[in-house]
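Report on the following structure.
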Amino acid sequence: MPRFTKILMSEQFRTYYLIFGAIFLTLHFFTNASAQEIEAKIQIHEENPSIAKVSGRFPNLQRGRNLSFARSFAGFSGLGERIRNLKLYNANGKEIGYQTVEGEYVSDAPFASWSYSVDLSPRKEPSAAAHISWIANGNGLLMFGDLLPRLSAGRKASGQVTITLPPGWRQLENRVDGTVVSDDIFSEVASVGTDVRYRMVHAGGTAISLCVVGNWLFTSDEITSFAQSIYAKTSETFGAPAAKEVYLNVFKFPQNVPRGQWQAETRGRSITIISSDMAFQTQSLQRLHEQLRHEIFHLWIPNAVNLSGNYDWFYEGFALYSSLKLAVAQNRIRFEDFLDTLSRAHAIDTRQMNRISLIETSRTRWSSNETQLYARGMFLAFICDIAMLNSSKTKRSINDLLREIYSKHKFPAARTDGTGAVLSIMKAQPELVPIIDKYISGSREFEVDTELDLAGLELSNALGVKQKLNRKQKDLLNSMGYNNWRRLSPGPIR
Ligand SMILES: [Zn+2]
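Just so we're on the same page, this note's numbering is the position in the sequence shown counted from 1, plus 519.
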């Protein structure tokens, strides 16, 4: 530790140590050379747990002058305003001056380390709790993407973050000494608090850690068994697991909110569900299953593929549709419910006043078009599924598309534009080409009587199964799960 000793000996440091006692710990912590791009420490103090103290450095960055923080995320702005008391230090631990504008800092001389505090009081919008770090009532979620300074906008970085907590607070037990080490440190989410319950299960070679807070109408066992079976099924769909370790945080809203509300996000290998219960246990269970089906899909796409740009026109709709198919396959919903949901999506798309293409909808997702994006995307995935099942005599489905996208573009594949990559894989299926032209690149209203007829379906007010079905239509319907549901009641259609 020669560097540390030298600093400790210097008069200058002693003066600063008296003023900025925290630096001592920081420097001690960072004496070992590291392969990580970012090293940091997050401290929560008992006196005021909603103010986190963060200190750290970029070990490989020489002569850095810029420090910047995420200013907005998932439509929530003003994040830079939570950063307070920022201090920059040179290699001798001497404080350096800087200029600042809205979460961007430019130092007067190269800096070696930094420290600041972040106000983690929950935002007034309850839905922010699934997306932005917060601590309230002795529990909270630390989302490193909005707690740590960034290297350059949107870039992945490896890192090591140590979390220290007040007495009686807990964090995940399988993390050694409260340290999170990750290849994608900005995507990590750590649940901390006095009431967090932890549990771990395995599914297809992946360890799933559950972190749950609060009393629910369902048990922790029910959450882990849902997560286990959905993760295993989704692994089959994609042909490989999404990650070695997956984290599932199930928290209540930090504010009082009415029953039935929820918000979820899947970031990196962490799923966060912020929710309130439903009126009845069966409804709460049903909704939990639905949330998990959708969010678990995202562990693969977009989180485990190296695709860039706004291509949520693809993965949101396909996540919804795949989740719906899985619900039928696992007998969580009836085939009639499957058709009902698709009918509603179709109706939303039909009501769209200013028609824009699905790709265009992606660009304005957080401002106004989220419902359209989901509805049009889901119905589109359904039409693609029928087209693929039909042209392959039910041998191929959208699962084959998903598997191909995942196997071609999963990390460490080279970074590629998401829309281009997905369209090129889709266009390799000739039956999908007209669908892409009309509904993905184009803004046409769905005119899909022909496609629906292939599956023995018709659309008047809502989607329904035709009275008379030929062999091919029966096969296609069965491959979408019609038979699966019937198996429980009057028997499969023949
Ligand atoms: Zn989604």
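Every residue, glycine too, gets a C-beta built ideally from N, C-alpha and C.
In this text the structure is predicted, and so the values were computed from the model without any measurement.
- In this structure, Ala571 sits away from Ile557, with a CB-CB distance that is not shorter than 8 Å.
- In the DSSP secondary-structure assignment, Ile790 is bridged to Leu767, Thr785.
- Taken through DSSP and simplified to helix, strand or coil, Tyr958 comes out as helix.
- Cα atoms of Ser626 and Gly575: separation of roughly 16 Å, rounded to the nearest angstrom.
- Comparing alpha carbon positions, the residue from Lys929, Leu877, Val769 closest to Arg806 is Val769.
- No heavy atom of ligand 1 is found nearer than 7 Å to the CB of Glu707.
- With a beta-carbon spacing of about 16 Å, Phe588 and Leu580 fall beyond the 8 Å limit used to define contacts.
- Secondary-structure assignment with DSSP links Ser634 through a beta bridge to Ser574, Lys606.
- Applying a distance threshold of 6 Å between residue Cβ atoms and the heavy atoms of ligand 1 selects His813, His817, Glu835, Ala838, given in chain order.
- Considering only Glu644, Asn585, Tyr635, the residue with the shortest C-alpha distance to Val620 is Asn585.
- Distances from the alpha-carbon of Arg853 to those of Asn873, Thr738, Tyr1001 put Tyr1001 closest.
- Ser960 and Lys927 have their C-alpha atoms roughly 23 Å apart.
- Lys752 and Glu809 have their C-alpha atoms some 14 Å from each other.
- For Leu811, the uninterrupted alpha helix (DSSP H) segment begins and ends at 800-819.
- Beta-bridge analysis with DSSP links Ile654 to Gly659.
- Taking C-beta atoms as the reference points, Ala746 and Ile727 count as a pair closer than 8 Å.
- For Gly712, DSSP records a beta bridge to Asn658, Arg689.
- Gly723 and Ser841 have their alpha carbons spaced roughly 19 Å apart.
- In the three-state reduction of the DSSP assignment, Ala559 falls in the strand class.
- When secondary structure is reduced to three states using DSSP, Pro953 falls in the helix class.
- Here Ala940 is near Leu826, since their CB atoms are less than 8 Å apart.
- Around the beta-carbon of His721, fewer than 16 other beta-carbon atoms lie within 10 Å, marking it exposed.
- In the DSSP assignment, Gly983 falls within the unbroken beta strand (DSSP E) covering 982-984.
- Three or more beta-carbon pairs separated by less than 8 Å link the region 902-910 to the region 957-975, which places the two stretches in contact.
- Distance from Ile954 to Ile878 at the Cβ level is roughly 13 Å; contact not present, criterion being Cβ atoms closer than 8 Å.
- DSSP, reduced to helix, strand and coil, places Gln774 outside both helices and strands of the structure shown, so it counts as coil.
- Between the alpha carbons of Glu889 and Gly594 lies a gap of roughly 12 Å.
- Residue environment for Arg895: buried (at least 16 other C-beta atoms within 10 angstroms of its C-beta).
- Rounded to whole angstroms, Leu736 and Leu951 show a C-alpha spacing of 43 Å.
- Boundaries of the beta strand (DSSP E) harbouring Val620: 617-620, taken from the DSSP string.
- When the Cα atoms are used, Tyr958 and Pro645 turn out to be separated by approximately 34 Å.
- Shown here, Thr938 sits in a helix according to DSSP, grouped into three states.
- Across the set Pro931, Asp919, Thr938, the C-alpha of Pro931 shows the shortest separation from the C-alpha of Ala762.
- By the neighbour-count criterion, in which a residue is buried when 16 or more other Cβ atoms sit within 10 angstroms of its Cβ, Phe857 is buried.
- Non-local beta-carbon contacts of Ser794 in its own chain, meaning distances under 6 Å to residues more than five positions away in sequence, involve Trp781 in chain order.
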